[in-house]
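Here's the structure, in structure tokens; my notes come after.
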Amino acid sequence: MSDFIKAENVMLGQRAATREDALHLIAEQAERLGVTDDVESLYQAFLTRESMGETGMTDGFAIPHAKCAAVKKASVVVLKNEEPLDWPSFDEKPVTCAIALLVPDAEAGTEHIRLLSKTAVLLMDEGFKRLVRGSDDPDEIAGAVNKGIEG
Numbered sequence: 052m053s054d055f056i057k058a059e060n061v062m063l064g065q066r067a068a069t070r071e072d073a074l075h076l077i078a079e080q081a082e083r084l085g086v087t088d089d090v091e092s093l094y095q096a097f098l099t100r101e102s103m104g105e106t107g108m109t110d111g112f113a114i115p116h117a118k119c120a121a122v123k124k125a126s127v128v129v130l131k132n133e134e135p136l137d138w139p140s141f142d143e144k145p146v147t148c149a150i151a152l153l154v155p156d157a158e159a160g161t162e163h164i165r166l167l168s169k170t171a172v173l174l175m176d177e178g179f180k181r182l183v184r185g186s187d188d189p190d191e192i193a194g195a196v197n198k199g200i201e202g
């Protein structure tokens with residue numbers, strides 16, 4: 052699984068104006084990656100999950116996630132935004148980096164939980180957060196995410 056997330060899954064220098072814009076950009080990228088054929092269903096799945104509670108974590112990171120039939124294979128998409136976004140978070144600070152988890156309905160109880168727990172652990176690692184915040188290299192960011200998800 053060392054290439055679970057590839058460089059093309061990392062979106063740098065984005066200019067979303069809102070959390071919703073960022074989620075739509077992620078859904079559009081998922082379509083380009085072949086993860087979904089239905090951008091709107093995936094986007095709605097993100098919005099449904101957002102309505103249930105914070106996906107914003109701390110230190111400018113969020114873990115939006117969508118479980119839906121429109122997702123063909125479990126995937127991760129990273130979005131780094133140029134400007135901080137108003138995004139409900141545990142530390143009540145804006146978000147600049149979203150690590151989005153996309154999971155097919157059939158894997159909702161297994162792969163989704165594994166990805167969510169591994170990503171949450173990654174966000175407790177100051178070195179990982181520093182690397183993602185400071186890097187403009189999609190390969191480097193993808194490699195760091197892969198290492199954390201595999202571990």
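Remember, my numbering sits 51 above the position in the sequence shown when you count from 1.
Note that CB positions come from ideal geometry on N, CA and C, so glycine has one too.
Here the structure is a predicted model, which is why all the values come from computation and not from measurement.
- Our two residues, residue 56 and residue 112, have alpha carbons roughly 18 Å apart in a direct line.
- Contact between the stretch 155-169 and the stretch 140-147 is absent: fewer than 3 CB-CB pairs across the two stretches fall below 8 Å.
- When the beta-carbon positions are compared, residue 74 and residue 120 stay at least 9 Å from each other.
- For the pair residue 58 and residue 64, the Cα-to-Cα distance works out to about 14 Å.
- A straight-line Cα-Cα distance of about 27 Å links residue 201 and residue 94.
- Bounds of any alpha helix (DSSP H) do not take in residue 145, whose DSSP letter is neither H nor E.
- Non-local C-beta neighbours of residue 90 in its own chain, meaning closer than 7 Å and more than five positions away in sequence, comprise 78, 79, 82, ordered along the chain.
- Straight across, the Cα-Cα distance linking residue 181 with residue 71 is about 25 Å.
- Secondary structure within the stretch 63-129: the alpha helix (DSSP H) runs of 4 or more consecutive residues, fully enclosed, are 70-83, 90-101 (chain order).
- With a beta-carbon spacing of about 5 Å, residue 62 and residue 130 fall inside the 8 Å limit used to define contacts.
- If the five residues before and after residue 135 are omitted, its C-beta is found closer than 6 Å to the C-beta atoms of 145, 147, all from its own chain and listed in chain order.
- Straight-line measurement puts the Cα of residue 115 at about 11 Å from the Cα of residue 99.
- Restricting attention to 193, 192, 108, 186, the CA atom closest to the CA of residue 168 is found in 108.
- DSSP places residue 195 in the uninterrupted alpha helix (DSSP H) bounded by 189-201.
- When the Cα atoms are used, residue 84 and residue 125 turn out to be separated by approximately 12 Å.
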